[in-house]
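K.L.:
Numbering (this note's numbering), first residue to last: 361 to 897.
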């Protein structure tokens with residue numbers, strides 16, 4: 361008997377940003393809870409993320425002008441894991457390196473450990489990178505604005521930041537002293553793939569840490585946070601040590617006197633190193649268009665109806681054949697044959713069209729299987745299916761829009777003129793299902809999934825007016841005159857995430873003009889728009 365799967369409780373973080381002139385990026389981070397407890401084989405991770413586009417009619421976006429296929433061409437999905445978190449810190453992730461560098465281990469046994477060691481080194485680099493992001497966000501959020509009663513909170517935040525700095529420094533220094541030095545001194549005996557992984561990880565972390573701590577130094581110097589002198593000393597000390605380390609190993613660096621080509625190559629290489637490290641967290645996908653699946657069933661149903669009609673007509677024809685009226689008999693058989701011939705194919709086609717349109721409203725457009733490739737404890741590379749996701753896109757009428765979504769749309773409106781009723785509503789939904797037992801057996805310490813959506817608005821710009829309009833105006837002091845005013849359009853984006861019995865919303869307003877995206881504004885964040893679903897006892 362198959363086990364009953366129970367959904368996991370999750371925390372959801374939602375963020376929106378501009379990726380480039382025509383693309384926005386929506387980041388969903390789902391953290392499985394509780395982290396302290398082991399996840400049982402009866403647990404599944406099953407969040408549902410929905411995106412509602414409220415589009416002004418002036419964009420001329422509707423089912424006839426912008427199809428489902430065009431929508432999916434403009435949408436890009438990336439799914440990966442957040443760096444693992446395990447007890448004992450990041451150095452526990454690279455314990456296999458201690459075995460590899462043990463003097464008594466034979467060359468043959470060392471080679472067996474290489475795939476696992478390479479994977480663990482990359483995971484260690486991702487963990488430090490994740491900690492650096494958390495550290496910078498923690499300090500920047502508290503330095504942006506400060507109220508009178510937030511002093512104690514700021515001090516607690518600074519204490520956490522100080523502890524995180526110590527953790528990063530300890531793990532990074534240990535990695536460099538134990539393994540980077542060894543990879544350099546034993547380069548002739550070291551496996552080239554492992555050596556490359558260690559040195560690439562060290563180069564990336566060196567530049568990434570210097571960049572983050574330089575930004576922290578500026579924040580702490582210019583921010584409103586109190587008692588930052590001890591943190592500044594720690595940050596300054598680490599920056600000088602890493603700058604010396606970078607110079608010692610001749611890693612690429614950026615300084616003000618560098619030429620544009622040198623800066624260009626530095627950032628290009630930085631991007632390659634980042635992709636190199638992040639590979640063990642990536643999830644591979646295999647998508648199938650569901651329309652192809654249910655279209656065959658629909659075709660079969662249409663053929664069945666046509667066949668039924670043919671059988672009925674054939675039965676009637678045979679029935680009339682045994683009557684005594686030969687003239688009527690002949691006329692009826694001929695007429696039945698003509699009717700069968702004419703309507704058989706039409707019944708088949710009409711049935712296909714009818715059911716196809718009806719089913720499209722309820723069935724997913726795509727089903728995508730998710731696979732993870734990893735190196736197990738036996739140093740064997742395996743690929744397993746960890747879950748899947750389904751997605752669909754629909755156009756909605758205002759009266760069909762869920763009430764909670766429509767309520768969020770109307771909150772904090774720019775003008776109370778009922779413009780939300782005039783919008784074209786485009787709805788995209790993505791349901792993720794991951795077997796947590798399979799996940800934990802392949803990648804220990806993973807407690808979060810990152811789902812990134814990028815949407816390209818380039819097609820939406822075709823029908824827009826010129827970005828600047830000349831207006832005639834009157835000023836009491838200056839009199840009549842002409843001014844140039846920007847011509848922009850607002851697209852409201854409502855994100856809704858349902859996980860077990862909790863629903864979270866985020867409302868963003870995208871401002872665009874003929875040239876592309878001008879800016880994105882957060883109208884209401886998920887922290888202020890979350891409610892629990894009441895379940896019947």
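From the three backbone atoms N, C-alpha and C, an ideal C-beta is built for every residue, glycine too.
At a cut of 8 Å, does the region 783 to 801 reach the region 414 to 424 through at least three beta carbon pairs?
P.N.:
yes
K.L.:
Please state whether the Cβ-Cβ distance between residue 816 and residue 382 is less than 8 Å.
P.N.:
Numbered from 1 along the chain shown, position 456 holds the residue referred to as residue 816. Numbered from 1 along the chain shown, position 22 holds the residue referred to as residue 382. For residue 816 and residue 382, yes; Cβs fall inside 8 Å.
K.L.:
Only counting the same chain, and skipping five residues up and downstream in sequence, which positions put a Cβ closer than 7 Å to that of residue 478?
P.N.:
Numbered from 1 along the chain shown, position 118 holds the residue referred to as residue 478. Setting aside the 5 residues that flank it on each side, residue 478 is surrounded in the same chain by 553, 554 and 557, each with a C-beta closer than 7 Å to its C-beta; the list follows chain order.
K.L.:
Output the distance between the C-alpha atoms of residue 466 and residue 474, rounded to the nearest integer angstrom.
P.N.:
Taking the first residue of the chain shown as 1, we reach residue 466 at position 106. Taking the first residue of the chain shown as 1, we reach residue 474 at position 114. Looking at the two C-alpha atoms, the distance is approximately 13 Å.
K.L.:
In the structure shown, what three-state DSSP assignment does residue 421 receive?
P.N.:
Within the chain shown, residue 421 is the residue found at index 61, counting from 1. Reduced to three states, the DSSP call for residue 421 is coil.
K.L.:
To the nearest angstrom, how far is it from the Cα of residue 587 to the Cα of residue 500?
P.N.:
Start at 1 with the first residue of the chain shown, and residue 587 comes out as number 227. Start at 1 with the first residue of the chain shown, and residue 500 comes out as number 140. Approximately 15 Å, taken between the alpha carbons.
K.L.:
Assuming residue 865 and residue 768 make a contact with CB atoms under 8 Å, what is their CB distance in whole Å?
P.N.:
Here residue 865 refers to the residue found at position 505 of the chain shown. Here residue 768 refers to the residue found at position 408 of the chain shown. At roughly 5 Å, the Cβ-Cβ gap stays under 8 Å, so residue 865 and residue 768 are in contact.
K.L.:
Within the region 430 to 516, note down every full alpha helix (DSSP H) run reaching 4 residues or more, in order along the chain.
P.N.:
455 to 460 and 467 to 504
K.L.:
Would you mind working out which of 544, 502 and 525 sits nearest residue 570, comparing C-alpha positions?
P.N.:
Against the chain shown, residue 570 aligns to sequence position 210. Ranked by Cα distance from residue 570, the first of 544, 502 and 525 is 525.
K.L.:
Contact between the region 450 to 466 and the region 539 to 551 is defined here as three or more beta-carbon pairs at a separation below 8 Å; is this criterion met?
P.N.:
yes
K.L.:
May I ask which residues mark the beginning and end of the alpha helix (DSSP H) holding residue 566?
P.N.:
Indexing the chain shown from 1 puts residue 566 at position 206. Per DSSP, residue 566 belongs to the alpha helix (DSSP H) from 552 to 582.
K.L.:
Spatial neighbours of residue 892 within its chain, please: CB distance less than 7 Å, with the 5 preceding and 5 following residues excluded, ordered by chain position.
P.N.:
Numbered from 1 along the chain shown, position 532 holds the residue referred to as residue 892. Same-chain partners within the cutoff: 861 and 862.
K.L.:
Three or more beta-carbon pairs under 8 Å between the region 430 to 440 and the region 799 to 812, yes or no?
P.N.:
yes
K.L.:
Taking the C-alpha atoms as reference points, what is the distance between residue 491 and residue 568?
P.N.:
Walking along the chain shown from the start, residue 491 turns up at place 131. Walking along the chain shown from the start, residue 568 turns up at place 208. Their Cα atoms are separated by approximately 11 Å.
K.L.:
With distance defined between alpha-carbon atoms, name the residue in 430, 451, 596 and 868 nearest to residue 486.
P.N.:
Against the chain shown, residue 486 aligns to sequence position 126. Out of 430, 451, 596 and 868, 451 has the C-alpha closest to the C-alpha of residue 486.
K.L.:
For the pair the region 403 to 417 and the region 842 to 857, tell me if three or more CB-CB distances fall below 8 Å.
P.N.:
yes
K.L.:
Is the distance from the Cβ of residue 483 to the Cβ of residue 564 below 8 Å?
P.N.:
Walking along the chain shown from the start, residue 483 turns up at place 123. Walking along the chain shown from the start, residue 564 turns up at place 204. The answer is no: Cβ separation not under 8 Å.
K.L.:
Would residue 771 be called buried (16 or more neighbouring beta carbons within 10 Å of its own) or exposed?
P.N.:
On the chain shown, residue 771 is found 411 positions in, with the first residue counted as 1. It is exposed - the Cβ of residue 771 has fewer than 16 other Cβ atoms within 10 Å.
K.L.:
What is the rounded straight-line gap between the Cα of residue 496 and the Cα of residue 529?
P.N.:
The residue labelled residue 496 in the question sits at position 136 within the chain shown. The residue labelled residue 529 in the question sits at position 169 within the chain shown. C-alpha separation (whole angstroms): 15 Å.
K.L.:
Am I right that residue 532 and residue 593 are in contact with their C-beta atoms under 8 Å? What's the rounded C-beta distance?
P.N.:
Along the chain shown, one-based indexing puts residue 532 at 172. Along the chain shown, one-based indexing puts residue 593 at 233. Going by Cβ atoms, the distance from residue 532 to residue 593 rounds to 18 Å, so no, they are not a contact pair.
K.L.:
Quick test of your reading: residue 372 and residue 857, contact by CB under 8 Å. State the CB separation rounded to the nearest angstrom.
P.N.:
As a position in the chain shown, residue 372 is number 12, starting the count at 1. As a position in the chain shown, residue 857 is number 497, starting the count at 1. The Cβ separation is near 5 Å, so the contact holds.
K.L.:
For the alpha helix (DSSP H) containing residue 869, name the first residue and the last one.
P.N.:
Along the chain shown, one-based indexing puts residue 869 at 509. Premise fails: residue 869 lies in the beta strand (DSSP E), 862 to 873, not in any alpha helix (DSSP H).
K.L.:
Pick out whichever of 540, 747 and 434 has its Cα sitting closest to the Cα of residue 407.
P.N.:
By 1-based counting over the chain shown, the position of residue 407 is 47. That would be 747, whose Cα lies nearest to the Cα of residue 407.
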